[in-house]
Structures are given as C-alpha cells and as structure tokens.
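**Q**
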Amino acid sequence: MRDSSAERPSPRRRTRLVPMAGFSLLALLLAACGGDATRTPQNALNPAGRYAQEPHDLITIVLIIAAVVFVLVHFLIIYSVVKYRQRKDDDGSLPVQIHGNTRLEIFWTIIPALILAGIAVPTVQMIFSQMDEPDDAFVVEVIGHRWWFEYYYPEHDIYTANEMAIPVGRPVRLQMTASDPARDPAQGVIHSFWVPRLAGKQDLIPGQMTYLNMLADEPGRYYGQCAEYCGLSHANMRIRVEALDDAAFDAWLEAQQAPAEVPADELAARGRELFGDLGERQACAACHQVWEGDGGRTPGTGPDLTHLMSREEFAGAIHDMTPENLREWLRDPNSMKSMQYEVNGIGMPDLDLTDEELDALVAYLLTLE
Ligand SMILES: [Cu+2]
242 MRDSSAERPS PRRRTRLVPM AGFSLLALLL AACGGDATRT PQNALNPAGR YAQEPHDLIT
302 IVLIIAAVVF VLVHFLIIYS VVKYRQRKDD DGSLPVQIHG NTRLEIFWTI IPALILAGIA
362 VPTVQMIFSQ MDEPDDAFVV EVIGHRWWFE YYYPEHDIYT ANEMAIPVGR PVRLQMTASD
422 PARDPAQGVI HSFWVPRLAG KQDLIPGQMT YLNMLADEPG RYYGQCAEYC GLSHANMRIR
482 VEALDDAAFD AWLEAQQAPA EVPADELAAR GRELFGDLGE RQACAACHQV WEGDGGRTPG
542 TGPDLTHLMS REEFAGAIHD MTPENLREWL RDPNSMKSMQ YEVNGIGMPD LDLTDEELDA
602 LVAYLLTLE
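Taking my numbering as reference, the numbering of the sequence shown is continuous, increasing by one, and the terminal residue is 610.
(1) Are the CB atoms of Ala556 and Pro437 within a distance shorter than 8 Å?
(2) By the DSSP assignment, the alpha helix (DSSP H) with Trp349 in it spans what residues?
(3) Shortest alpha-carbon distance to Leu453 belongs to which of Arg414, Ile368, Pro500 and Pro544?
(4) Grouping DSSP H, G and I as helix and E and B as strand, with all else coil, what is Met261?
(5) Please determine whether the Cβ atom of Cys528 lies at a distance below 7 Å from any heavy atom of ligand 1.
(6) Distance cutoff 8 Å, beta carbons only. Does Val314 sit that close to anything in chain B?
(7) Measure how close the beta-carbons of Ala372 and Tyr392 come, nearest whole angstrom, since I'm counting them as under 8 Å.
(8) Just the C-alpha distance for Cys528 and Leu571, rounded to the nearest angstrom, thanks.
(9) Would you tell me roughly how many angstroms separate the C-alpha atoms of Ser576 and Leu299, rounded to the nearest one?
(10) Between which residues of its own chain and Leu473 is the CB-CB distance below 7 Å, once the five residues before and five after are set aside?
(11) If contact is defined by three or more beta carbon pairs under 8 Å, each pair taking one atom from either stretch, is the stretch 459-469 in contact with the stretch 309-317?
(12) In its own chain, which residues sit with a C-beta less than 6 Å from the C-beta of Met550, not counting the 5 before and 5 after it?
(13) Tell me whether Trp493 is buried or exposed, calling it buried when 16 or more other Cβ atoms sit within 10 Å of its Cβ.
(14) Figure out for me which residue from Leu439, Ala361, Phe379 and Asp506 has the closest Cα to the Cα of Pro397.
(15) I'd like to confirm the pairing. Which residues does DSSP put opposite Leu453 in its beta bridges?
(16) Is the CB-CB distance between Val531 and Ala457 below 8 Å?
(17) Using a Cβ-Cβ cutoff of less than 7 Å, which residues in the same chain neighbour Ala526 once the five nearest sequence positions on both sides are dropped?
(18) Short of 8 Å in beta carbon distance, which residues of its chain neighbour Gln498, apart from the five on each side in sequence? Order them along the chain.
(19) Just to confirm before moving on: does the CB-CB distance between Ile384 and Met455 stay below 8 Å?
(20) Pop quiz: Tyr605 and Arg513 are said to be a contact at Cβ under 8 Å. What is the actual Cβ separation, rounded to whole angstroms?
(21) Would you please state the rounded distance, in angstroms, between the beta carbons of Met450 and Met478? I believe it to be under 8 Å.
(22) Specify the secondary structure class of His384 as computed by DSSP and reduced to three states.
(23) Trp493 by DSSP, collapsed to three states: which one?
(24) Could you tell me if Thr301 is buried or exposed, where buried requires 16 or more neighbouring beta carbons within 10 angstroms of its beta carbon?
(25) Taking 7 Å as the cut-off, is the beta-carbon of Cys471 closer than that to any non-hydrogen atom of ligand 1?
(26) Give the range of the alpha helix (DSSP H) segment to which Ala293 is assigned.
(27) Within the present structure, is the beta-carbon of Trp435 separated from the nearest heavy atom of ligand 1 by less than 7 Å?
(28) Determine the closest residue to Pro412 out of Leu355, Ala402 and Ala484, with distance taken between C-alpha atoms.
(29) Any chance the CB of Cys467 is under 7 Å from a heavy atom of ligand 1?
(30) What residue does the alpha helix (DSSP H) around Arg462 start on, and which one ends it?
(31) Please list the terminal residues of the continuous beta strand (DSSP E) segment that includes Tyr605.
(32) Quickly, what does DSSP pair Ile446 with across the bridge? List them, please.
(33) Quick one: using the 10 Å Cβ neighbour count with 16 as the cut-off for buried, is Val314 buried or exposed?
(34) Figure out for me which residue from Ala440, Trp349 and Phe348 has the closest Cα to the Cα of Ser370.
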C-alpha cells in the first residue's frame, strides 16, 4: 500500500499558508489605493479639486469610525469565543440562559443612532454645498448619447464630443441631459457622468436636466466613464477632461469657434463632396455637422466633426485618432465598437464604402483641424 500522507502538506505548512495568502491579498488591496494618477487615472481616492475632495474627506472620517466599530466588535467576538470555549473537563450541561437585558439593549441602540446622526449632519450639509450653483461657474452642457458624450458650450456656441476642455481653477457647472428624444427617439436611455478625480457621480436623464459641479485645481487630463449601464457598448463610453490654464483654454475656445476650412487638396475635396452626398446611401452630413460658417451651428445625431483633429481620441474616447483607425471606423464601425447601427439604428452605420471613398473621406477628415 502507498503512503498517501507523504503527498499532503504538513499541518504546519498549511497554517503558514493562511497568513501568507492574507498578506498578499492585503498588498493587492493597498496597491489599488496607490495615488499614482498615470496608473490609476480614475481614482476617487486621489481627488484633484474641491468637488471630489470634500466627499473623499467625509468618507475617510466615516471609514475611521467604521474601522473602530469593526475592531471593537470583532475583539469582543474573539474574546468571548476564546474565553468561553468548551473545555476538556466540561460536563456537557448548558450554561445559564439569559433572556434580554433592557439596559444593554437601550445602550447599544442609542450609540449607533448617535453615530449615524452625527455623520448625517456633515453629509447633508455637503450634499447641499456640492449642489449649489457657484457664482463664477463656467457652464458646459453635457448630452449623453449611445455611446458617447457630447459637450456644448452655450456662451461660445461650440459643439464637441468625447473630450471636454475646462478652465483650471474655475468651477464648471455641468447641465446634463440624455439624448433628447425629439432629436433622436431611438436613444433615450439613462447614462451617468463620473470623473472620479474631479466630482461625484450624476445621472443623465432623457427629457430632464440634472446638474453637477466640477473643479480641477491643476492642469491635466482626467478620465471618466459612463457609470450607468446604457447598452452593449456602455463600457466603450469614456469621458476625457482636459483642464487647461487660462491661456491654453482661451486658445482652445478660439480654435473651436472658427469654422472648418474647405480643403484645397484634390483628394480631400473629393472626400468633402462624398461627406455631403453618398448617392443612395445616407450621407455623413445627415448625422455629422462640419460647420463651415454659414448660419448657426446645429448638432446632428452624431458627434460634431468641425474640429475632429483637435481631439486625440474618438468613438467615446476609446480609439487613438490615427488615419488607420479612422479608416477602419468608416469601413466597419462594428469592428471597433459593438452595437453600431445594425441592431436598432443607433450609432454609426456601415455604409459599404469603397476603397476610393474611404481614402477620400479619411483625407478630408484629416483636414478638420
Ligand atoms: Cu452610457
């Protein structure tokens, strides 16, 4: 007969495995809290302005209180288990049975009630102060579409998508709604706007306006995410905020207000023609605005492309703005982002473009600086 005990780890080895596994788990958990913004760009524990800082500080206090309660309760549990464990000389009889203790029960009801009431005071105060419209706010309208965010700057009549520029050090007031059912009936679903380092989380609701304040103390790039499931490409709906200092922000506003230039290059000019007319097929211009300066800007159902090249990413800020990616996007949108158009008429359609058409259209898009 084989001796099977040789294959099993000795009990002592096994007991050493438990704390080791515990420590590795803890290390993993702590690594997730790292403040390195390049590795963890969506870290609410690394706030970059007051609207993210205040909730962060409040939750830290709550966490400390909770930790004290946790340690106390578990100490009492472990203490009782050890002290009153069954002993060898136990005769098997039941311990004295106690039913209720009014004084203790009042005591352990009042204490948690007081703690919760204590936490409620700064919480409610903060909810109101976070919602208040700041006096010197810069207003940006946010519209949630499936699956991209549109930004409109009402003071400057600028439409853009995916990448939002904001002035550094100045509160930004977001007026948010989800794609207007009148503008696009197929799209009315709830999204949620969340840039963890700059603000809390707020839903975007069709036919209703919600508000969110945001502030970046330092120039930089802040990422966010649609945080409310809105369909199969929900995870491909990113937010990118560029906080710019005054000079850079003014330059950005000026560039975005300029009309698109009509290209001189022959191939790009052909692309511009195709953009407005694809024969039997739906024209790009039916959904996309490239504003050349006539009349006011009117949004289409797709992103405004007037200054497409001023953005570094496209399609919900998930793809780099390279000629190859743009070509693939026009050739077969579904290969780059699921649920485009075929399923229920949402998003960017596959227009069966020929190679020549693709070349011309990409050449045109590359001129939209
Ligand atoms: Cu969404």
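Don't be surprised by glycine CBs; every beta carbon is placed ideally from N, CA and C.
**A** From the atom records:
(1) Cβ atoms of Pro437 and Ala556: not closer than 8 Å.
(2) Element bounds for Trp349: Thr343 to Met372.
(3) Nearest of Arg414, Ile368, Pro500 and Pro544 to Leu453, Cα basis: Arg414.
(4) Reduced to three states, the DSSP call for Met261 is helix.
(5) For ligand 1, not one heavy atom lies less than 7 Å from the Cβ of Cys528.
(6) Within the model displayed, chain B is absent; a lone protein chain is all it includes.
(7) Note that residue 372 is Met in the sequence shown, not Ala. Contact flag wrong, Cβ pair sits at about 21 Å.
(8) Rounded to whole angstroms, Cys528 to Leu571 spans 14 Å at the Cα level.
(9) Ser576 and Leu299: Cα-Cα distance of roughly 44 Å.
(10) Apart from sequence neighbours up to five positions away, the residues of its chain that approach Leu473 with a beta-carbon distance below 7 Å are Ser579 and Met580, ordered along the chain.
(11) With the cut-off at 8 Å, the stretch 309-317 and the stretch 459-469 do not touch.
(12) Hits under 6 Å: Leu609 and Glu610.
(13) Classification of Trp493: buried, given that the 10 Å Cβ count is 16 or more.
(14) It is His, not Pro, that sits at residue 397 in the sequence shown. Nearest option by C-alpha distance: Phe379.
(15) When DSSP reads this structure, Leu453 sits in a beta bridge with Leu415.
(16) Not closer than 8 Å, so no.
(17) Correct list, in chain order: Phe516 and Gly517.
(18) Exclusion of the five residues before and after Gln498 leaves His397, Asp398 and Ile399 as the residues of its chain whose Cβ lies within less than 8 Å of its Cβ.
(19) No. Outside cutoff.
(20) With 8 Å as the limit, Tyr605 and Arg513 qualify as a contact, their Cβ atoms being about 5 Å apart.
(21) Actually they do not touch by this definition, with Cβ atoms about 20 Å apart.
(22) Here residue 384 turns out to be Ile, not His, going by the sequence shown. Note: Ile384 maps to strand in three-state DSSP.
(23) In the structure shown, Trp493 sits in a helix (DSSP, three-state: H, G or I).
(24) Using a 10 angstroms sphere on the CB of Thr301, the tally of other CB atoms stays under 16, which defines it as exposed.
(25) Yes, the Cβ of Cys471 comes within 7 Å of a heavy atom of ligand 1.
(26) Looking at the DSSP string, the run of the alpha helix (DSSP H) that includes Ala293 is Arg291 to Lys324.
(27) False, no ligand heavy atom lies under 7 Å from that Cβ.
(28) Of the candidates Leu355, Ala402 and Ala484, the one whose C-alpha sits nearest the C-alpha of Pro412 is Ala484.
(29) Under cutoff, so the answer is yes.
(30) Judged by DSSP secondary structure, Arg462 falls outside any alpha helix (DSSP H) and instead within the beta strand (DSSP E) spanning Gly461 to Cys467.
(31) From DSSP, Tyr605 is part of no beta strand (DSSP E) but of the alpha helix (DSSP H) over Asp596 to Leu606.
(32) Looking at the DSSP assignment, Ile446 forms no beta bridge with any residue, so it has no partner.
(33) With a threshold of 16 other beta carbon atoms within 10 Å, Val314 falls short and is exposed.
(34) Cα-wise, what sits closest to Ser370 is Ala440.
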